[in-house]
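To start, the structure under review is shown below, and the notes come after it.
2 protein chains.
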Amino acid sequence: MVKKSPLAPVRFPKIPAISGVSIASISCGLKYKGRKDLFVASFDKGTKVAGVFTKSKTASAPVDWCKRQVGRRGARALIVNAGNANAFTGLAGEKAVRRTVEWLAKVLNVPRSQVFVASTGVIGEILPDDKITRSLVGLKKLLSPYGWADAATAIMTTDTFPKGAWRSVRIGDADVIIGGIAKGSGMIAPDMATMLSFVFTDAAIPTDVLQTVTARAVDKSFNAISVDGDTSTSDTVLVFATGAAKHPKISKPNDTKLRAFRIALEEVMTDLAQQIVRDGEGASKFVTINVSGASSARAAKKVGFAIANSPLVKTAIAGEDANWGRIVMAVGKSGERVDRDKLAISIGGTTVAERGTVVDDYQEAPVAKHMKGQEIDVSVDLNIGKGAATVWTCDLTHGYVSINADYRS
Amino acid sequence: MVKKSPLAPVRFPKIPAISGVSIASISCGLKYKGRKDLFVASFDKGTKVAGVFTKSKTASAPVDWCKRQVGRRGARALIVNAGNANAFTGLAGEKAVRRTVEWLAKVLNVPRSQVFVASTGVIGEILPDDKITRSLVGLKKLLSPYGWADAATAIMTTDTFPKGAWRSVRIGDADVIIGGIAKGSGMIAPDMATMLSFVFTDAAIPTDVLQTVTARAVDKSFNAISVDGDTSTSDTVLVFATGAAKHPKISKPNDTKLRAFRIALEEVMTDLAQQIVRDGEGASKFVTINVSGASSARAAKKVGFAIANSPLVKTAIAGEDANWGRIVMAVGKSGERVDRDKLAISIGGTTVAERGTVVDDYQEAPVAKHMKGQEIDVSVDLNIGKGAATVWTCDLTHGYVSINADYRS
Numbered sequence: 000m001v002k003k004s005p006l007a008p009v010r011f012p013k014i015p016a017i018s019g020v021s022i023a024s025i026s027c028g029l030k031y032k033g034r035k036d037l038f039v040a041s042f043d044k045g046t047k048v049a050g051v052f053t054k055s056k057t058a059s060a061p062v063d064w065c066k067r068q069v070g071r072r073g074a075r076a077l078i079v080n081a082g083n084a085n086a087f088t089g090l091a092g093e094k095a096v097r098r099t100v101e102w103l104a105k106v107l108n109v110p111r112s113q114v115f116v117a118s119t120g121v122i123g124e125i126l127p128d129d130k131i132t133r134s135l136v137g138l139k140k141l142l143s144p145y146g147w148a149d150a151a152t153a154i155m156t157t158d159t160f161p162k163g164a165w166r167s168v169r170i171g172d173a174d175v176i177i178g179g180i181a182k183g184s185g186m187i188a189p190d191m192a193t194m195l196s197f198v199f200t201d202a203a204i205p206t207d208v209l210q211t212v213t214a215r216a217v218d219k220s221f222n223a224i225s226v227d228g229d230t231s232t233s234d235t236v237l238v239f240a241t242g243a244a245k246h247p248k249i250s251k252p253n254d255t256k257l258r259a260f261r262i263a264l265e266e267v268m269t270d271l272a273q274q275i276v277r278d279g280e281g282a283s284k285f286v287t288i289n290v291s292g293a294s295s296a297r298a299a300k301k302v303g304f305a306i307a308n309s310p311l312v313k314t315a316i317a318g319e320d321a322n323w324g325r326i327v328m329a330v331g332k333s334g335e336r337v338d339r340d341k342l343a344i345s346i347g348g349t350t351v352a353e354r355g356t357v358v359d360d361y362q363e364a365p366v367a368k369h370m371k372g373q374e375i376d377v378s379v380d381l382n383i384g385k386g387a388a389t390v391w392t393c394d395l396t397h398g399y400v401s402i403n404a405d406y407r408s
Numbered sequence: 000m001v002k003k004s005p006l007a008p009v010r011f012p013k014i015p016a017i018s019g020v021s022i023a024s025i026s027c028g029l030k031y032k033g034r035k036d037l038f039v040a041s042f043d044k045g046t047k048v049a050g051v052f053t054k055s056k057t058a059s060a061p062v063d064w065c066k067r068q069v070g071r072r073g074a075r076a077l078i079v080n081a082g083n084a085n086a087f088t089g090l091a092g093e094k095a096v097r098r099t100v101e102w103l104a105k106v107l108n109v110p111r112s113q114v115f116v117a118s119t120g121v122i123g124e125i126l127p128d129d130k131i132t133r134s135l136v137g138l139k140k141l142l143s144p145y146g147w148a149d150a151a152t153a154i155m156t157t158d159t160f161p162k163g164a165w166r167s168v169r170i171g172d173a174d175v176i177i178g179g180i181a182k183g184s185g186m187i188a189p190d191m192a193t194m195l196s197f198v199f200t201d202a203a204i205p206t207d208v209l210q211t212v213t214a215r216a217v218d219k220s221f222n223a224i225s226v227d228g229d230t231s232t233s234d235t236v237l238v239f240a241t242g243a244a245k246h247p248k249i250s251k252p253n254d255t256k257l258r259a260f261r262i263a264l265e266e267v268m269t270d271l272a273q274q275i276v277r278d279g280e281g282a283s284k285f286v287t288i289n290v291s292g293a294s295s296a297r298a299a300k301k302v303g304f305a306i307a308n309s310p311l312v313k314t315a316i317a318g319e320d321a322n323w324g325r326i327v328m329a330v331g332k333s334g335e336r337v338d339r340d341k342l343a344i345s346i347g348g349t350t351v352a353e354r355g356t357v358v359d360d361y362q363e364a365p366v367a368k369h370m371k372g373q374e375i376d377v378s379v380d381l382n383i384g385k386g387a388a389t390v391w392t393c394d395l396t397h398g399y400v401s402i403n404a405d406y407r408s
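If you're matching them up, the sequences are chains A and B in order. Sequential numbering from 0 applies to the first sequence in numbering that gives the first Met the number 0. Sequential numbering from 0 applies to the second sequence in numbering that gives the first Met the number 0.
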């Protein structure tokens with residue numbers, strides 16, 4: 000058993016029941032012995048769905064399927080397996096998805112086109128989907144509004160803890176719940192990470208509006224994290240809105256009645272995204288990188304990721320070494336507009352460099368002390384514009400190498 | 000003392016004297032105790048110079064200086080120190096370069112504008128250039144046509160072995176020597192790597208022609224390697240041509256009389272570039288990645304680097320794990336045009352996947368055996384065009400993390 004990440008939250012949150020959603024977690028024996036590895040959700044009629052997917056050109060068969068179905072009609076079911084990504088499996092992969100969808104549609108008596116599928120695990124191995132379909136017998140009796148911790152555990156691969164988050168907000172005079180789970184700890188980079196996240200709400204939101212607010216929230220959360228700069232073939236974020244809550248009608252993404260919901264959705268996603276970083280393979284430190292003064296928000300994010308993805312920056316942080324020269328290097332390689340002689344860097348609130356050189360009388364002691372903590376803050380001010388962005392990452396440790404040098408074998 | 004890389008060549012090559020070039024290696028005590036850390040070269044009048052530099056937006060003061068001087072007039076001297084990169088040092092860095100140049104120009108009695116400078120080591124610390132200038136007293140007596148191994152050793156930082164290469168070719172009926180040294184083992188990525196390389200020849204080649212053939216050779220050699228995807232602030236390749244050889248006049252880069260020279264220059268640079276990869280921090284395996292069937296050569300190189308820079312691919316190789324799914328992932332994230340269902344992958348000459356899925360009756364044994372060797376070959380055929388490229392990298396091991404988590408402290 001792998002040791003839980005030192006950066007893990009103390010406990011899994013108490014996600015309440017979400018009206019219109021029933022869930023079940025099953026052990027189907029795909030790869031992991033003695034643990035649940037299949038998660039199924041069933042949604043009441045009228046549930047809307049939005050999705051954001053990997054930009055990989057070698058996306059998995061389940062991603063292909065979900066991309067085609069999302070935005071067309073509603074959603075009645077979701078099935079997620081861990082242990083095999085069903086990626087780069089050609090026609091066999093496509094057939095495995097179709098058979099899984101058919102079975103689940105039959106068991107739940109819902110249209111096939113409203114069944115969503117996600118798979119995570121090894122790439123390139125043919126998915127023995129009969130193990131999945133066989134385990135769906137008796138599913139209906141297992142479905143219940145509770146069991147989020149089990150669900151978050153069933154979708155784990157190299158994760159060391161289950162990830163969940165939730166918020167309660169008001170739309171008009173109705174209380175609405177947003178609850179979500181996620182998995183991911185390696186192959187994490189923007190657009191998207193090897194991560195799956197499923198968010199559920201009882202809000203009543205039309206598909207196009209749901210898609211817009213989802214995409215915006217993903218951009219600030221899941222697409223603002225990186226563990227190793229690698230991008231998975233399987234990344235999927237799906238948001239399901241059952242519409243069970245009785246609140247005033249929403250018709251536009253910018254509707255002021257939806258403001259609290261938008262914020263809470265971003266908070267739930269950011270919470271989940273940060274948990275993924277906290278479970279970064281081998282991570283011993285959680286790193287927040289704030290970039291300001293860039294020519295645009297997009298440029299700021301790119302500079303942030305150049306820092307977050309630099310193996311030299313990440314190993315220096317692992318070594319608790321205030322080697323800020325590597326931050327300069329990473330900013331320089333970002334390709335974004337930078338004026339070296341205006342650049343300012345601070346670590347843990349202490350200004351280290353400004354106007355392109357180390358500050359007079361630089362005292363390393365407070366910075367060295369900060370580097371010994373578990374939460375590292377790096378701020379870079381490019382001082383050339385107003386673009387700003389925050390990205391999150393973790394350090395690169397021996398643990399990362401150990402986990403990935405013998406993950407499959 | 001750090002252990003020599005297991006991938007190091009058996010011995011340093013016997014680079015002969017190059018007419019018009021005198022060299023000296025000195026211990027100036029910048030950072031390293033008990034070893035030489037300063038390299039100086041003096042060139043006869045009429046020496047031409049070409050250069051290719053880092054694309055970093057936070058380039059070092061010496062890079063700024065060389066960029067300004069290269070291509071203007073000739074070169075009479077070169078000075079290179081290890082231990083301090085004089086990067087991100089603002090006005091102080093610029094002044095340090097100017098003082099160093101002035102001193103060397105005075106000692107050798109040459110124009111300041113024809114003195115070239117390079118520095119490698121820690122970023123952000125002010126360079127105590129008085130240590131350099133003080134050690135130039137008595138330089139003239141030290142200059143000699145021999146001592147390439149010492150020179151290659153003097154410019155090392157985290158390198159575990161000195162890097163040199165040479166070729167002899169004919170231009171017309173004259174023999175010409177091309178000899179070069181290089182340093183670099185971390186912060187290595189294209190455009191350019193944290194690497195310095197200086198190549199010397201007695202050929203007589205006009206500046207513009209020399210620049211063209213240099214840029215082409217760099218593109219196929221130094222800009223086709225990666226250790227960790229990080230790009231230094233200091234990367235510099237300079238080629239000095241003294242013109243001492245008596246051969247027919249060359250006036251165009253594509254002159255057929257220059258053909259053997261062009262090939263040999265690329266060979267010397269590729270040899271040096273591969274030695275840098277073989278000295279990659281913590282490297283235990285040398286990896287050649289051939290990409291073919293891409294939409295263009297540029298696209299092929301980008302796909303190659305997506306594989307070469309993927310921490311997941313590199314750790315799998317370190318673990319001798321034939322986890323080719325990660326190669327699929329890396330191809331997918333390259334952003335280049337890829338048709339998943341046409342993709343073919345082979346490892347060590349064994350076809351693993353084709354037409355977007357694992358081959359029928361895939362036998363892992365020969366691939367697993369190949370993964371246990373020191374020289375790993377990965378070939379990817381995108382099967383959509385004629386673009387091809389080769390890039391070289393190394394694996395990502397515990398050694399990389401160890402070296403970089405405590406390099407500076």
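Every residue gets a Cβ at the ideal spot worked out from N, C-alpha and C, and that includes glycine.
Of all the beta strand (DSSP E) runs that stay within the bounds of the segment 105-134 of chain A, which reach a length of 3 or more residues? Correct list: 114-121.
What is the DSSP secondary structure of A/GLY146, reduced to helix, strand or coil? Correct three-state label for A/GLY146: coil.
B/THR389 beta carbon less than 8 angstroms from that of B/ASN289: Yes, these two residues count as a Cβ contact at 8 angstroms.
Would you verify that the beta carbon of A/SER55 is, or is not, closer than 8 angstroms to some beta carbon of chain B? With 8 angstroms as the cut-off, A/SER55 counts as an interface residue toward chain B.
Cβ-Cβ separation, B/TRP165 to B/GLY183 (assumed contact under 8 angstroms), whole Å: Not really, about 18 angstroms apart at Cβ, beyond 8 angstroms.
Using alpha carbons as the reference points, say which of B/ALA202, B/ILE326, B/HIS369 lies closest to B/LEU381. If we check each option's Cα against that of B/LEU381, B/ILE326 comes out closest.
To which residues does DSSP link B/ARG169 through a beta bridge? DSSP, once it has assigned bridges, lists B/ASP174 as partnering B/ARG169.
B/ALA243: first and last residue of the uninterrupted beta strand (DSSP E) it sits in: For B/ALA243, no beta strand (DSSP E) encloses it, and the DSSP letter there is neither H nor E.
Can you confirm whether B/ASP340, when its beta carbon is compared against all beta carbons of chain A, has any partner nearer than 8 angstroms? The beta-carbon of B/ASP340 is placed less than 8 angstroms from the nearest beta-carbon of chain A.
Per DSSP, cross-strand counterpart(s) of A/PHE411: With chain A represented from 0 up to 408, any question about residue 411 of chain A goes unanswered, as that position is not in the structure.
Going by beta carbon distance, what residues of the same chain come within less than 8 angstroms of B/PHE239, once the five residues before and after it are set aside? Only VAL20, ALA40, PHE42, THR46, LYS47, VAL48, ALA74, LEU77, PHE197, VAL198, PHE199, THR200 meet the Cβ criterion.
For B/HIS246, tell me which candidate among B/LEU257, B/VAL236, B/ALA343 has the shortest Cα-Cα distance. Measuring from the Cα of B/HIS246, the nearest candidate turns out to be B/LEU257.
According to DSSP, B/PHE304 sits in a beta bridge with which residue or residues? DSSP lists no partner for B/PHE304.
Contact list for the segment 257-282 of chain A against chain B, Cβ threshold 7 angstroms: Going along the segment 257-282 of chain A in chain order, one finds no residue with a Cβ nearer than 7 angstroms to chain B.
Let me confirm a value: A/GLY137 is counted as buried when at least 16 other C-beta atoms fall within 10 Å, else exposed. Which label applies? Its Cβ having fewer than 16 others within 10 Å, A/GLY137 is exposed.
So, for B/ALA151: in the same chain, excluding its five sequence neighbours on each side, which residues have a beta-carbon less than 6 angstroms away from its beta-carbon? Residues of the same chain with a CB within less than 6 angstroms of the CB of B/ALA151, apart from the 5 flanking positions on each side, are PRO161, LYS162, GLY163, ILE180 in chain order.
Less than 8 angstroms between the beta carbons of A/ALA207 and A/ILE316, yes or no? The amino acid at residue 207 of chain A is misidentified as Ala; the sequence shows Asp. No, the pair does not count as a contact, with Cβ atoms beyond the cut-off.
Determine the closest residue to B/SER250 out of B/VAL286, B/ILE170, B/ALA216, with distance taken between C-alpha atoms. Of the listed residues, the one whose Cα sits closest to B/SER250 is B/ILE170.
Apart from the five residues on each side of it in sequence, which residues of its chain come closer than 6 angstroms, Cβ to Cβ, to B/PRO365? Once the five neighbours on either side are set aside, the close Cβ partners of B/PRO365 are THR349.
Using a C-beta to C-beta distance shorter than 7 angstroms, which residues of chain B count as neighbours of A/ARG354? GLY89, listed in chain order.
Applying the 10 Å Cβ sphere with the 16-neighbour rule, what's the burial state of A/SER134? A/SER134 is buried by the Cβ-count criterion.
I'd like to know if B/HIS369 contacts chain A, where contact means its C-beta is closer than 8 angstroms to some C-beta of that chain. By the rule that beta-carbons nearer than 8 angstroms mark a contact, B/HIS369 does not touch chain A.
Are at least three pairs of beta-carbons, each pair with one atom in the segment 209-227 of chain B and one in the segment 48-57 of chain B, less than 8 angstroms apart? With contact defined as three or more Cβ pairs closer than 8 angstroms, the segment 209-227 of chain B and the segment 48-57 of chain B are in contact.
For B/THR132, I'd like the list of residues in its chain whose CB is within less than 7 angstroms of its CB, leaving aside the five on either flank, ordered along the chain. Non-local beta-carbon contacts of B/THR132 in its own chain, meaning distances under 7 angstroms to residues more than five positions away in sequence, involve ARG98, THR99, TRP102 in chain order.
With distances taken between CB atoms, is the gap from A/ASP338 to A/ILE402 smaller than 8 angstroms? The beta carbons of A/ASP338 and A/ILE402 sit no closer together than 8 angstroms.
Does the beta carbon of B/ILE375 sit closer than 8 angstroms to a beta carbon anywhere in chain A? Interface with chain A (8 angstroms Cβ-Cβ cutoff): B/ILE375 is excluded.
Who are the Cβ neighbours of B/LEU142 in its own chain at under 8 angstroms, not counting the five residues just before and after it? Answer for B/LEU142: SER21, ILE22, ALA23, VAL39, SER41, listed in chain order.
One question on the structure: do A/ALA413 and A/GLU353 come within less than 8 angstroms of each other, judged by their Cβ atoms? Past the boundaries of the shown model lies residue 413 of chain A; chain A is included only from 0 to 408, so the question cannot be answered.
Please classify B/ASP190: does DSSP put it in a helix, a strand, or coil? Bear in mind that the predicted position of B/ASP190 carries a pLDDT of just 36, short of 50, making it unreliable; the figure below should be weighed with that in mind. Three-state DSSP puts B/ASP190 in coil, outside helix and strand.
Using beta carbons (cut-off 8 angstroms, strictly below), is A/ARG325 in contact with chain D? The structure shown contains no chain D; its protein chains are A and B.
Separation of A/LYS284 from A/GLU319, as counted between CA atoms: C-alpha separation (whole angstroms): 9 angstroms.
Roughly how many angstroms lie between the CA atoms of A/GLY33 and A/ILE125, to the nearest whole one? One C-alpha to the other measures close to 22 angstroms.
Which residues mark the beginning and the end of the alpha helix (DSSP H) in which A/ASP207 is found? If you look at A/ASP207, you'll find it in the alpha helix (DSSP H) that goes 206-219.
Measuring only between beta-carbons, confirm whether A/ASN403 sits less than 8 angstroms from chain B. Yes, A/ASN403 lies at the interface with chain B (some Cβ there is under 8 angstroms from its Cβ).
Supposed contact pair B/PRO61 and B/VAL109 - C-beta distance, whole angstroms, cut 8 angstroms: B/VAL109 to B/PRO61, Cβ: 18 angstroms. No contact.
B/VAL330 versus B/ASP376: straight-line alpha-carbon distance, rounded: So the alpha carbons of these two residues sit roughly 16 angstroms apart.
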